[in-house]
Structures are given as structure tokens and as C-alpha cells.
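K.L.:
Structure provided below as C-alpha cells; questions to follow.
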Amino acid sequence: MKMENPTPIQWQFSERAQQLQSSVIREILKVTVRPEVISFAGGLPSPETFPVERMRAAFDTVLSKQGKVALQYGPTDGYGPLREWIADSLSTDGAKIVPEQVLMVSGSQQGLDLLAKVLVDEGSKVLVETPSYLGALQAFSVYRPEFVSVPTDDHGLIPEQLGSVAQGARLLYALPNFQNPTGRSLSVERRAALVETCARLGLPLIEDDPYGALSYRGEPLPKMLTMNPNGVIYMGSFSKVLTPGIRLGYVVAPVPLIRKLEQAKQAADLHTAQLTQMVVHEVVKDGFLKEHIPTIRKLYSDQCQAMLGALTEFFPSSVTWTTPEGGMFIWVTLPKHIDSMKLLDEAIAQNVAFVPGAPFYANAAEKNTLRLSFVTVPPAKIREGVEKLGKLIKSKL
Ligand code: PMP
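Residues in the sequence shown are numbered consecutively from 1, following this note's numbering.
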């Protein structure tokens, strides 16, 4: 039956919902799907790195051997064998992590939401890097914190700057490895100083680490988690080392916090898909990542070099940029008078895209910054895109 003349609903959104905004990046990505656009905008990993055949085989094995378990509801904290694998792989001689400290989440993005949900009240002080991961600012914003930006320099967050702003804060959100958006990493000394300062202040330290495994040279630096497992909340993800489409991440934290996060997760989605957790366990359990991750590092390192070379060749000397040693991003600082948001419109008209830097700042945006991602663009196109951008910037000098 079709109703006659229904009253149109005047949607009365909650105050919380009224504050929600689409991510600037998602909006830009809508434009950049046009095949003629050379996009340095996306934060997407390269699909060339997805082990499609290995995943297909694992789905097959899990469904044929344990199909009924894989297709059933599962526990909120996650699939036991995968939590065990994660706990083992994070444990070091000095810091043993147990599976009870691991909560599986539907992408580490969900972890950010759950953490803010259980730790942040309206007006709570939340400390973030300058700049910080846009998706975290978005996730935390829902709970209406007061963001406090902690100063950074070319080497990332400055631990000595923390003391003066940390009083009464609920948490510090830090990205020690190949940070999104700057590509910077924290030195071992700064990690230790940060962990020590947070421990002294009783301040929970979130270590968000989706890119840690993607170092181009040498082994990744020690995790802050291993320096103080009682005070650090570690967030990992399979998005950048396997595939993001499976939406699988994890939070590692002291057990009382895990219990509270588990309650929040139960209310949100009961649990993360059992099938994908079992498939990922099937893929990683015999050491697949040890052979797979080096192939990702090589690809990203080569493309990073291609971009750094092109930047040196085509960008004017008044522009500076970071030199990442891993991960997916380069951060560019233009002369002060150039607003990268305005530059983007002109760049898109010339079929090149990037993400303007302003949305990555919780406070006092530096509008003359921008983020470039090099992982999904082949080297010849990187060169072509950077050349176009260089010309555009030169036209503004
Ligand atoms: N943290 C950071 C720093 C990220 O860059 C991303 C993804 N862009 C996430 C978290 C979310 O990752 P996931 O796919 O695990 O939700």
C-alpha cells in the first residue's frame, strides 16, 4: 500500500550530528577518480601490493575447513588465535604482551572512535601533534574535546613542549612512524622522552602505528608500547601491510581499558567480522608478512625516490619538503603567501591533485602546506604531475 500525502520529515539531527562534516580528502577523492587526473591526494595503499591470490586461497581454506565457525557470530574482543599472534608479534624480551591486552577492531579507525568514546568528555583536553592525522581529528571531534596542539619540528613531536600543555589532559595522540600527513618519524631518544614524560604525568599515550612496518631502510625503530606497556595504547592495522578492504585493526592496551573498550565495541557492532579475522590469521600465521612486507617497502621506496627527485628538479627553491624514510607521504611547505586550498582548484583544472594541509591542523592551520602521496602513481606520472605543480607554484612567486 502506498501512503497518500505523507508529511515530509524535518530531520532534527542531534547536536553531535550537526557538527559532523565530510572529510576534505573524501571530497577531493570524488574529483580525482577521473582517469586523466594524476592524484597525489589519496591515502590509499597501492593495489599492486594486495596479495589477492593468497587471500583467495585463505578464504577457501577457512570456509572449507571451518566454514560454520567463520560464518557464525564471534566474541567481541576478537578471534583468539589472531589476538595471540598479534600479542606474540608485539612482545619483546623486556615487554611481554598477552592476548587479553588485544582488542580486534573494524579498522584502526574504529579504534580511534572507541578510544575517544571511553576516554573523552565534552571539553576534555586532547593533545595532538601539529599537524596530525585528519581521520583522528574527525573521530575525536564527535566527542567535542578541546584540542591542544603540541608543537613539532622537523623531527616530529617535541617531548619537552608537553609539560606546559599537558596538565589535566585525557590523552596524547601520537604518530611516531612515517606520520600521516608529514612522513616524519620520532627518534628513539624522543620516543623514550615522550614515554617518560607521559608516565610522569599519568597521561595515556596513544601510539597510532599503521605505517611502522613500511620502513625503506633497516628495521623499524622500537615501539613506545614496548617502553611502557602500562601507559601506552598501541594501535595497529592490516590495511597497509595486507589490504584495507578487510577493515581489520587492533588496539593493544592495559586490560582495564580493553574491558571498557570491549563494552563500547559491543554496543557499536558486536564484533569485527569473524570470517576476515580467520582469513587474516590463516594468511599471517606461517610468516607470510615477512616475505610480503619487503615487496611493499621496495615499491614505496622507489616511488618516494621518484617523487623526491622530481621535487628537486621542478619545485622552486623557496619550497621545502620532508624526506620520509618509510610510509606513504611527503609534506610540502610553500612560501607563506600561497594558500594550498586555492592552489588545489587550479591544480585540478590542470589534472593534478593533492591534499591541502589546513585540515590536518586542530588549531591555527598553516595554509601554505600540502600533503603528497606517491604510492599509487607510477614514476613517469609522478614526474609529470610534479612538473605541473612546480610550474603552477612558480607562477605564484
Ligand atoms: N591511523 C592513521 C594514521 C591512518 O593513516 C589511517 C588510514 N589512513 C588509519 C589510522 C585508519 O586505518 P584503518 O584502515 O586501519 O582503519
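Ideal placement from N, C-alpha and C gives every residue a C-beta, glycine not left out.
A quick note: this is a predicted structure, and the numbers were derived from the prediction, not measured.
1) Tell me whether Asn230, by its Cβ, gets closer than 7 Å to a heavy atom of ligand 1.
2) Thinking C-beta only, is Ala253 closer than 8 Å to Glu207?
3) Are there any heavy atoms of ligand 1 lying less than 7 Å away from the beta-carbon of Pro244, as far as the coordinates show?
4) Residues in its own chain within less than 6 Å of Val24 by CB, not counting five upstream and five downstream?
5) First and last residue of the alpha helix (DSSP H) that includes Ile393?
6) Mind checking who Asp153 pairs with in its DSSP beta bridge?
7) Could you check which residue in Asp121, Thr376, Gln274 has the C-alpha nearest to that of Lys240?
8) Distance check for Ala193 and Met227, CA to CA, integer angstroms please.
9) Inspect the beta-carbon positions of Ser257 and Gly231 and report whether they are closer than 8 Å.
10) Measuring alpha carbon to alpha carbon, tell me which residue in Gln303, Asp339, Phe147 is nearest Ile330.
11) So the candidates are Ser91, Pro35, Val283; which of them puts its Cα closest to the Cα of Asp60?
12) For the structure I just gave you, are there three or more beta carbon pairs, one from the stretch 309-328 and one from the stretch 271-286, closer than 8 Å?
13) Sort Pro6, Arg26, Arg16 by Cα distance to Phe354 and report the nearest one.
14) Relative to the alpha-carbon of Asp345, which residue among Gly43, Pro47, Val37 has its alpha-carbon at the smallest distance?
15) Identify the continuous beta strand (DSSP E) that holds Tyr300 and give its terminal residues.
16) Compute the Euclidean distance between the alpha carbons of Val62 and Ala70, then round it to the nearest angstrom.
17) Could you please go through the chain and list the residues whose beta-carbon is closer than 5 Å to any non-hydrogen atom of ligand 1?
18) Below 8 Å, how does it come out for the stretch 208-221 and the stretch 76-93: are there three or more Cβ pairs, yes or no?
19) Could you give the residue range of the alpha helix (DSSP H) that holds Asp345?
P.N.:
On the basis of the coordinates in this document:
1) no
2) no
3) yes
4) Pro359
5) 379-394
6) Gly156
7) Thr376
8) 10 Å
9) In the sequence on display, residue 257 carries Leu and not Ser. The answer is no: Cβ separation not under 8 Å.
10) Gln303
11) Val283
12) no
13) Arg26
14) Val37
15) Note, Tyr300: premise wrong, no beta strand (DSSP E); alpha helix (DSSP H) at 288-314.
16) 7 Å
17) Gly43, Gly107, Ser108, Gln109, Tyr133, Asn180, Asp208, Pro210, Ser237, Ser239, Pro244, Gly249
18) no
19) 340-349
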